[in-house]
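Chains A and B are the protein sequences, given in the same order.
Quick note on the numbering used here: the first sequence kicks off at 238 and runs consecutively.
Quick note on the numbering used here: the second sequence kicks off at 238 and runs consecutively.
2 protein chains.
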Amino acid sequence: MKHIPNRIYLPEDRIPRQWYNLRADMKEKPEPLLNPATGKPVTLADLEPVFCTELARQELDDTTPYFDIPEPVLEFYKMYRPSPLIRAYQLEKYLDTPAKIYYKFEGNNTSGSHKLNSAAPQAYYAKAQGLTSLTTETGAGQWGTALAEACSFFGLPLTVYMVKCSYEQKPFRKAVIETFDAKIIPSPSSTTNAGRAILAKDPNTTGSLGCAISEAVETAVTTPGCRYVLGSVLNQVLLHQSVIGLESAEAMEMIGEYPDIVIGCAGGGSNLGGLIAPFMRDKLTGKADPDIVAVEPASCPSLTRGRYAYDFCDTGKITPLAKMYTLGSGFIPSASHAGGLRYHGMSPVLSKLYHDGYMRAVSYEQSKVFEAAVLFAKQETILPAPESSHAIRAAIDEAIKCRETGQAKTILFGLTGTGYFDMTAYENFHKGNMNDYVPTDEELEASLSQLPTFS
Amino acid sequence: MKHIPNRIYLPEDRIPRQWYNLRADMKEKPEPLLNPATGKPVTLADLEPVFCTELARQELDDTTPYFDIPEPVLEFYKMYRPSPLIRAYQLEKYLDTPAKIYYKFEGNNTSGSHKLNSAAPQAYYAKAQGLTSLTTETGAGQWGTALAEACSFFGLPLTVYMVKCSYEQKPFRKAVIETFDAKIIPSPSSTTNAGRAILAKDPNTTGSLGCAISEAVETAVTTPGCRYVLGSVLNQVLLHQSVIGLESAEAMEMIGEYPDIVIGCAGGGSNLGGLIAPFMRDKLTGKADPDIVAVEPASCPSLTRGRYAYDFCDTGKITPLAKMYTLGSGFIPSASHAGGLRYHGMSPVLSKLYHDGYMRAVSYEQSKVFEAAVLFAKQETILPAPESSHAIRAAIDEAIKCRETGQAKTILFGLTGTGYFDMTAYENFHKGNMNDYVPTDEELEASLSQLPTFS
Chain A
238 MKHIPNRIYL PEDRIPRQWY NLRADMKEKP EPLLNPATGK PVTLADLEPV FCTELARQEL
298 DDTTPYFDIP EPVLEFYKMY RPSPLIRAYQ LEKYLDTPAK IYYKFEGNNT SGSHKLNSAA
358 PQAYYAKAQG LTSLTTETGA GQWGTALAEA CSFFGLPLTV YMVKCSYEQK PFRKAVIETF
418 DAKIIPSPSS TTNAGRAILA KDPNTTGSLG CAISEAVETA VTTPGCRYVL GSVLNQVLLH
478 QSVIGLESAE AMEMIGEYPD IVIGCAGGGS NLGGLIAPFM RDKLTGKADP DIVAVEPASC
538 PSLTRGRYAY DFCDTGKITP LAKMYTLGSG FIPSASHAGG LRYHGMSPVL SKLYHDGYMR
598 AVSYEQSKVF EAAVLFAKQE TILPAPESSH AIRAAIDEAI KCRETGQAKT ILFGLTGTGY
658 FDMTAYENFH KGNMNDYVPT DEELEASLSQ LPTFS
Chain B
238 MKHIPNRIYL PEDRIPRQWY NLRADMKEKP EPLLNPATGK PVTLADLEPV FCTELARQEL
298 DDTTPYFDIP EPVLEFYKMY RPSPLIRAYQ LEKYLDTPAK IYYKFEGNNT SGSHKLNSAA
358 PQAYYAKAQG LTSLTTETGA GQWGTALAEA CSFFGLPLTV YMVKCSYEQK PFRKAVIETF
418 DAKIIPSPSS TTNAGRAILA KDPNTTGSLG CAISEAVETA VTTPGCRYVL GSVLNQVLLH
478 QSVIGLESAE AMEMIGEYPD IVIGCAGGGS NLGGLIAPFM RDKLTGKADP DIVAVEPASC
538 PSLTRGRYAY DFCDTGKITP LAKMYTLGSG FIPSASHAGG LRYHGMSPVL SKLYHDGYMR
598 AVSYEQSKVF EAAVLFAKQE TILPAPESSH AIRAAIDEAI KCRETGQAKT ILFGLTGTGY
658 FDMTAYENFH KGNMNDYVPT DEELEASLSQ LPTFS
């Protein structure tokens, strides 16, 4: 049998120099974003006050399959990429499974996650356009850190609205983000109309991604030379994150492997959409038929319990409307939920693919997720982020199924990041204080009843 | 000009399968450890109650140049090694220097540092001998985390005595160490005679590595089936850490480079001794003459201001005596000093080499070190540990010298770890609260006057 090293790094001449735009190969395209004022598909002109122009173009382009990665972004990528594709030999041995488990590890950079893959081009394009500042939101803090890093590198001031409960659970994220000279504001805040309105309704709110997005967008459109950037959900983000999947596919080809199952955690879809891109391409073009699995928290179950409908991307209802799986833009997950994946919606691309049966979704309560995280840390020497641990949980369960059926499947999952800034959650888990609250049907119904009526 | 990739990973067939024992090539050997009871060189029988037998053998062997790395340790190494040798292109560009800067990055594992390189074999040998538990001390927490990881993997219960001020500054270290099922006790504690004696003298002491060592050793020798393990200073640790240098030398050979300067931070010497091993071998055997530089904190300056003398390795004076550069075993660095490198002494091997003129030493105050850390993080996307940042500071200063002289030197430094658990120190730096306290001559003299009299 051929020997496969534990870690596979692509040689320089096999590193992707283009991103892949999954929409180009979809026969049925995702529904377009709608302008909430007109109910019509958004245009470049609609998007330009919010996004930098090149990114707005990428957002709207559903036909060009490949985009060249700009040279300065390739240079930036080279500092921390290619990321390793790792064979989880020790985990396999521990699980006593005939399955082969691979994971693509994106945590080897200071932002601690895959988010840097989109932060770099977003900061680069903004700088190239002559913009003078950016705003964004961050949930678990990974995106905020990544964007702060990229903005510091390309020389752009940044303001980060951080979901309040994460801000409080992860005090050191602030110090990291400040190391890269960005300004950080817990959201909801009194610095915006959107934030003030949410605080007026519920002064004790723990915040949500949707709410932080409203504040960041409002600040961007009211500040000259400023634009808003987002770390997930958007088509442009999935485009940039395709580098994860392209590298994974190339590395698997190098070692003569192809995944039977591809598993990714899903919040807004940035990692999942990036990881699966080339495998979904194979599926769409009939070249292969891998089983593609989205894993989400039971506390914020947009794919497994949400509705496929037009909804706002933010709580303040100032963004365009997207057709996606959503829990309603007013949905705020329980504060006891650790880490990211707190978004009420899901990438429109992934939503469409899920709706059309190209992938499936599962959800887990968080104590099951942390069990998997600790087991993984002990076997593989990497302390995973809670978000990534959703994918670990599903991969372990698939490997256990293989043990039972005797099938030697090849499993690939995305290890999106490290858990160094999630130690409060790990502490709660060790103390047995993990709360597995799951929203009731009534709660979801109440939130979904607020969907825009024309959806 | 030949293109050199940003990150160089050794292919599997070039990964070292042996450790290198620097002492074998030293014509003048380091002075032996002495039994404080007899004043005579320690024997295997003296060491066996404290250390596991194979490790005690390695400690005493100053003639065997290469030791095979046991197969299970090689398997463990494969999970996170080889570590990358990284060309700091962005830092070079920022500094506008003709120098070529390389760094060996050891932070890509959950312990966050190079410490895992010695933790793995120490846990493995202890398990192989049939021991049932281990004790250790940890300063900044990196060693404690690494050993907890290794003990969890090889199946050995562990108790970690953590220097009290680090325990308080780095609350999340506890959560990580507990993830790997180890027990963690702030030192000095009331669980040992040594701890109680120190607390009786000074109930408000912030602790020191020397004191934590006393407690860990006492617990080991009074518990059946238990031994003590140490993450630095000892010859066995330098032996295991030689994997850093061997990989670096091999990677540099692959790209046709050889360092003019090799720079490492120095606390007890584990990283420095490992990194320089093959380059010092070249120097000892006349094959090359690189400039080898130890960098230490001005607040704990054992090489630059200490004395070369026999001293205890611990504060409680229960360990063997080592001939080394020391500030006196009672020396406790200012609590305002961030991170590790708090040890009063220095590896006897490195002390001897320094004493004989084979290397030089410099020291920096911590605000200069954090300036370098932030600059590095912004340019290279890695948030460095405060310890590692001492080496960064020195490397930057050497690169600036090159800019001034026009010399295109090749600089290699050790980036021992990441700073994710040092955010309190980074916060203090951002707030301008960094205290650059340096011990006065009188303070050092008072501590050195307590050296054992026969030294």
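The beta carbon of each residue, even a glycine, is placed where N, CA and C say it ideally should be.
Counting only Cβ-Cβ distances below 7 Å, A:F409 has contacts in chain B at M660, in chain order. A:Q327 reaches chain B at E312, F313, M316 and F390, counting residues in chain order whose Cβ is nearer than 9 Å. Separation of A:E494 and A:E487 (C-alpha to C-alpha, rounded to the nearest whole angstrom) is 10 Å. Contacts with chain B at 8 Å (Cβ-Cβ) do not include A:F650.
For A:V413, a Cβ of chain B is located within less than 8 Å of the residue's own Cβ.
When Cβ-Cβ separations below 8 Å define contact, B:T375 makes no contact with chain A. Unbroken beta strand (DSSP E) runs of no fewer than 3 residues, entirely contained in the stretch 568-644 of chain B, are found at 597-601, following chain order. Contact check between the stretch 463-482 of chain B and the stretch 606-615 of chain B: fewer than three CB pairs, one atom from each, fall below 8 Å, which does not count as touching. With respect to chain A, the C-beta atom of B:L620 has a partner C-beta closer than 8 Å. According to the DSSP assignment, A:R294 belongs to the alpha helix (DSSP H) that extends over T290 to L297.
DSSP places A:F390 in the helix class (H, G or I) of the three-state scheme. In this structure, B:K364 keeps its C-beta atom at 8 Å or more from the C-beta atom of B:L384.
Residue range Y326 to L332 is occupied by the alpha helix (DSSP H) that includes B:Y326. Contact annotation for A:P242 against chain B: E249 and K315 [CB-CB distance below 8 Å, chain order]. With contacts defined as CB atoms closer than 8 Å, A:S451 and A:A431 qualify as a contacting pair. Counting C-beta atoms within 10 angstroms of its own C-beta, A:Q644 has fewer than 16 neighbours from the protein chains shown and is therefore classed as exposed. With a 10 Å radius around the Cβ and a threshold of 16 neighbouring Cβ atoms, B:S539 comes out buried. The beta carbon of B:I414 is closer than 7 Å to those of G381, T382, A385, V397 and I421 in its chain, skipping five residues each way along the sequence. The beta carbon of A:P570 lies closer than 6 Å to those of S536, C537 and R579 in the same chain, with the five residues before and after it left out.
Unbroken alpha helix (DSSP H) stretches of 4 residues or longer found wholly inside the stretch 242-320 of chain B: 281-284, 290-297 and 308-315, given in chain order. With respect to chain A, the C-beta atom of B:K615 has a partner C-beta closer than 8 Å. Looking at B:Y547, B:N354, B:T556 and B:C639, the one whose alpha-carbon comes closest to that of B:Q473 is B:N354. DSSP, read as helix, strand or coil, puts A:P423 in strand. Under the DSSP definition of a beta bridge, A:D548 partners with A:A559. Under the Cβ distance rule, B:N672 does not count among the residues neighbouring chain A, no pair being separated by less than 8 Å.
In this structure, DSSP gives B:F650 an extended state, which the three-state scheme calls strand.
The Cβ atoms of B:P278 and B:L284 lie no closer than 8 Å to each other. Secondary structure within the stretch 494-532 of chain B: the beta strand (DSSP E) runs of 3 or more consecutive residues, fully enclosed, are 498-502 (chain order). Counting only runs of 3 or more residues that sit fully inside the stretch 335-385 of chain A, the beta strand (DSSP E) segments are 337-342 and 370-375, in chain order. Between the alpha carbons of A:G444 and A:L512 lies a distance of about 29 Å. A:M671 sits in coil when the DSSP states are folded into three classes, being neither helix nor strand. B:E386 reaches chain A at T618, counting residues in chain order whose Cβ is nearer than 7 Å. Close partners of A:T347 in chain B (Cβ separation under 8 Å): A614, T618, I619, L620 and T655.
Distance from the Cα of A:E624 is smallest, within the candidate group A:K605, A:A636 and A:K638, for A:K605.
Following the DSSP letters along the chain, one finds A:C463 inside the beta strand (DSSP E) bounded by residues C463 to Y465.
For B:E635 against B:I648, the beta-carbon gap comes to about 6 Å, under 8 Å, which counts as contact.
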